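Trainee:
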Amino acid sequence: MYEAAENNCWDDAERMAYLAYELYEEGRMELALAQLEEAIEINPNNAAWHFNAGLTLDAMDRFDDAIEAYQKALEQDADDPEILNSLAVDYTRIGKYDLAISTFESIQQIDPGFEPSYCNRIITYTEMDNHDKAEEMFYTAQQLNPDCPICFYNIGNSLFSRQLYKKAIWCWEKTAEIEPTHPQINYRIAQAHWADGNMKLANRFFLEELRSNPGSIDVILDFGIFLLKNSDNSSAAEKFNRIIELDPDFAQAYFYLAEIALNDGNNNKAAELYLEALSKNPKLSGPKFRLAQIALEAGNKSQAMDLLKQECELEIDDVDVLFSMGTMFMELDELDLAMNCYLRIIDEDPENVDAFYHLGTALGKEGEYEGALQFLEHAVNIGKDDAETLADNAYLYLKINQVVIARDLIKRAKKKDPSNSKVKRVDRMVKIAMLAFKARLKLTSSVPTHNIKLFFNRIKCRLRQLLHRPCK
1 MYEAAENNCW DDAERMAYLA YELYEEGRME LALAQLEEAI EINPNNAAWH
51 FNAGLTLDAM DRFDDAIEAY QKALEQDADD PEILNSLAVD YTRIGKYDLA
101 ISTFESIQQI DPGFEPSYCN RIITYTEMDN HDKAEEMFYT AQQLNPDCPI
151 CFYNIGNSLF SRQLYKKAIW CWEKTAEIEP THPQINYRIA QAHWADGNMK
201 LANRFFLEEL RSNPGSIDVI LDFGIFLLKN SDNSSAAEKF NRIIELDPDF
251 AQAYFYLAEI ALNDGNNNKA AELYLEALSK NPKLSGPKFR LAQIALEAGN
301 KSQAMDLLKQ ECELEIDDVD VLFSMGTMFM ELDELDLAMN CYLRIIDEDP
351 ENVDAFYHLG TALGKEGEYE GALQFLEHAV NIGKDDAETL ADNAYLYLKI
401 NQVVIARDLI KRAKKKDPSN SKVKRVDRMV KIAMLAFKAR LKLTSSVPTH
451 NIKLFFNRIK CRLRQLLHRP CK
């Protein structure tokens with residue numbers, strides 16, 4: 001009797017696992033996971049069910065939980081390359097690249113011919129910015145499977161991140177040729193054409209993607225931004241409104257509709273839409289910055305300052321926004337906050353010449369002339385060798401009484417742009433300073449001045465003798 005009951009439990013677990021598979025195929029992930037968890041509770045020693053639970057959790061973007069499921073599967077079957085491969089992919093997804101690489105390498109030892117361990121390693125090395133190793137993995141995978149669409153897709157990502165857009169496009173077109181239904185492949189090709197400056201082809205591939213995937217909010221959003229950047233405001237607005245139809249709480253759609261209103265000069269409507277975006281997502285970067293701009297334009301400096309400080313607390317990776325915020329903080333005489341914006345730009349782009357220039361300008365306004373010079377000179381050294389920057393450098397050298405260096409710099413500035421108003425202004429200051437410098441030089445080198453110095457030195461010696469003479 002007990003054996004029959006036990007067999008019934010095992011049969012129930014099998015049925016639950018099969019039902020979970022069907023639910024997974026239908027996209028009903030929560031229900032699929034619930035069925036698998038019940039099956040695993042009955043039989044926790046089934047590696048395949050733990051593996052399927054991991055796949056389901058991956059589909060739900062619950063990567064940490066998926067890793068735990070794969071590890072439990074490996075407790076039952078430690079050398080299964082499929083489980084190890086899925087585990088390594090998830091290690092990549094959560095940024096644990098060393099664990100990902102070591103897991104892929106263990107697959108290679110178990111089964112050197114398991115192509116996915118090389119294919120998926122391409123993306124791991126790409127995210128590590130180790131593109132040479134990414135290409136090595138690509139060519140190794142090609143020897144095992146020359147028609148793997150994911151290999152071409154992954155190496156395309158590596159090429160795209162290196163701004164080798166035409167090569168990325170070729171790889172992604174190869175993916176589309178091998179697997180026409182590959183997820184979002186036309187979208188990636190559209191992004192590459194956009195980055196490469198071919199707007200006509202970018203538009204074509206965006207439309208191609210939306211024909212096959214009309215409900216993808218990510219694609220519609222990016223296409224809307226593309227249209228907005230190309231000044232097609234009405235088409236862009238149609239895309240953002242479409243997103244709101246699909247998801248009324250999607251904050252970025254309201255933000256970009258506000259951007260269109262702002263571009264049209266309708267500040268009141270823009271402000272309403274920015275506030276609507278914030279109501280959907282208070283941590284969205286952008287709306288508070290734009291509201292600060294509107295407040296500053298209306299003369300409300302206090303409100304602008306409050307909004308900018310709130311924006312500073314958010315994650316901002318848009319260099320243009322950080323520059324604008326820095327400029328506004330400079331206008332509001334908040335130099336430390338302005339410098340914070342420029343430093344954040346350098347964190348994103350260590351060779352950004354304008355960020356170094358503005359850092360130097362801000363330090364100069366604070367009277368930190370030597371520090372300012374270091375940043376401005378670095379800006380010149382890495383490419384900002386224009387007349388105004390040279391004039392700014394000359395002005396700072398005047399401030400620390402290095403008149404000769406200032407003279408040489410302003411000469412270089414005049415050669416580049418003799419009609420520039422800043423160059424003319426600093427040139428006049430340098431000429432006045434040079435006259436004073438020459439006058440001082442002449443005075444200190446004259447005989448009477450020399451005699452006065454000797455006289456003062458003799459007096460100082462007599463004073464020292466009197467001070468050090470022993471008391472009687």
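Under our numbering, the first residue of the sequence shown carries the number 1, and numbering increases by one thereafter.
Note that CB positions come from ideal geometry on N, CA and C, so glycine has one too.
Nothing here was measured: the structure is a model prediction, and the numbers come from that model.
Taking buried to mean at least 16 other C-beta atoms within 10 Å of its own C-beta, is K72 buried or exposed?
Mentor: Buried, since its Cβ has 16 or more Cβ neighbours within 10 Å.
Trainee: Does the separation of the CB atoms of A190 and H182 fall below 8 angstroms?
Mentor: Their beta carbons are not under 8 angstroms apart, which means A190 does not touch H182 by this criterion.
Trainee: Give the C-beta separation of L246 and I225 to the nearest angstrom, bearing in mind that I take them to be a contact with Cβ-Cβ under 8 angstroms.
Mentor: Actually they are not in contact, since the Cβ atoms of L246 and I225 sit about 16 angstroms apart, beyond 8 angstroms.
Trainee: In this structure, how does DSSP classify N340 when only helix, strand and coil are distinguished?
Mentor: Reduced to three states, the DSSP call for N340 is helix.
Trainee: M137 and Y97 look like a contact to me (Cβ under 8 angstroms); what is the Cβ gap, rounded to whole Å?
Mentor: Not a contact, Cβ separation roughly 13 angstroms.
Trainee: Is K415 buried or exposed, if buried means 16 or more other CB atoms sit within 10 Å of its CB?
Mentor: By the 10 Å Cβ count, K415 comes out exposed.
Trainee: Tell me whether G197 sits in a helix, a strand or coil according to DSSP, three-state version.
Mentor: Three-state DSSP puts G197 in coil, outside helix and strand.
Trainee: Could you check whether I83 and Y91 sit closer than 8 angstroms to each other, using their CB atoms as the reference points?
Mentor: No, the pair does not count as a contact, with Cβ atoms beyond the cut-off.
Trainee: Taking just the CA atoms, how far does G156 sit from L55?
Mentor: Roughly 25 angstroms separates the two Cα atoms.
Trainee: Three or more C-beta pairs closer than 8 angstroms, one from the stretch 285-299 and one from the stretch 314-326: is that the case here?
Mentor: Flag = yes, the stretch 285-299 and the stretch 314-326 touch.
Trainee: Leaving out five residues before and five after I410 in sequence, what residues of the same chain have Cβ atoms less than 8 angstroms from its Cβ?
Mentor: Same-chain partners within the cutoff: L390, A391, A394, V423, V426, D427 and V430.
Trainee: Under three-state DSSP, which class holds A78?
Mentor: It is coil, neither helix nor strand.
Trainee: Over what stretch of residues does the alpha helix (DSSP H) that includes K167 continue unbroken?
Mentor: Segment Y165 to I178, the alpha helix (DSSP H) holding K167.
Trainee: Quick check: the Cα distance between V403 and P350, rounded to an integer number of angstroms?
Mentor: Rounded to whole angstroms, V403 to P350 spans 31 angstroms at the Cα level.
Trainee: As a quick exercise: from I94, Y254, P44 and A48, pick the residue whose alpha carbon is nearest that of D65.
Mentor: Comparing Cα positions, the closest option is I94.
Trainee: Would you call the CB atoms of Y396 and G364 closer than 8 angstroms?
Mentor: According to the sequence provided, residue 396 is Leu. The question's Tyr does not apply to it. A contact, by the Cβ cut-off of 8 angstroms.
Trainee: Does the separation of the CB atoms of E179 and P146 fall below 8 angstroms?
Mentor: It is not a contact, given that the beta carbons lie outside the stated cut-off.
Trainee: Taking all protein chains shown into account, decide if E75 is buried (16 or more other Cβ within 10 angstroms of its Cβ) or exposed.
Mentor: Classification for E75: exposed.
Trainee: When you compare only the Cα positions, how much space is there between K167 and Y139?
Mentor: Rounded to whole angstroms, K167 to Y139 spans 15 angstroms at the Cα level.
Trainee: Tell me the rounded alpha-carbon separation between K200 and F206.
Mentor: Those two C-alpha atoms are separated by around 10 angstroms.
Trainee: Evaluate T449 with the Cβ neighbour count: other Cβ atoms within 10 Å of its Cβ, from every protein chain shown; 16 or more gives buried, anything less gives exposed.
Mentor: Per-residue confidence for T449 stands at a pLDDT of 47, beneath the threshold of 50, marking its modelled position as unreliable; the derived number appears in the next sentence. It is exposed - the Cβ of T449 has fewer than 16 other Cβ atoms within 10 Å.
Trainee: When DSSP labels each residue in this structure, what does F114 get in the three-state scheme?
Mentor: Coil, per DSSP.
Trainee: Please determine, among L228, F356 and A433, the residue with the shortest C-alpha to C-alpha distance to G371.
Mentor: Of L228, F356 and A433, the residue nearest in Cα terms is F356.
Trainee: What do you get for F58, buried or exposed, if any count of 16 or more other CB atoms within 10 angstroms of its CB means buried?
Mentor: According to the sequence displayed, residue 58 carries Asp and not Phe. Under this definition D58 is a buried residue.
Trainee: Please list the terminal residues of the continuous alpha helix (DSSP H) segment that includes P287.
Mentor: Here the alpha helix (DSSP H) through P287 covers P287 to E297.
Trainee: Closest by CA to E311, which one among I432, F329, T361 and D61?
Mentor: The candidate whose alpha carbon is nearest that of E311 is F329.
Trainee: If you draw a straight line from the C-alpha of M502 to the C-alpha of D386, how long is it?
Mentor: In the structure as shown, the chain begins at 1 and stops at 472. Residue 502 is therefore absent and cannot be evaluated.
Trainee: Buried or exposed for N352, going by 16 or more other Cβ atoms inside 10 Å?
Mentor: By the neighbour-count rule (16 or more Cβ atoms within 10 Å), N352 is buried.
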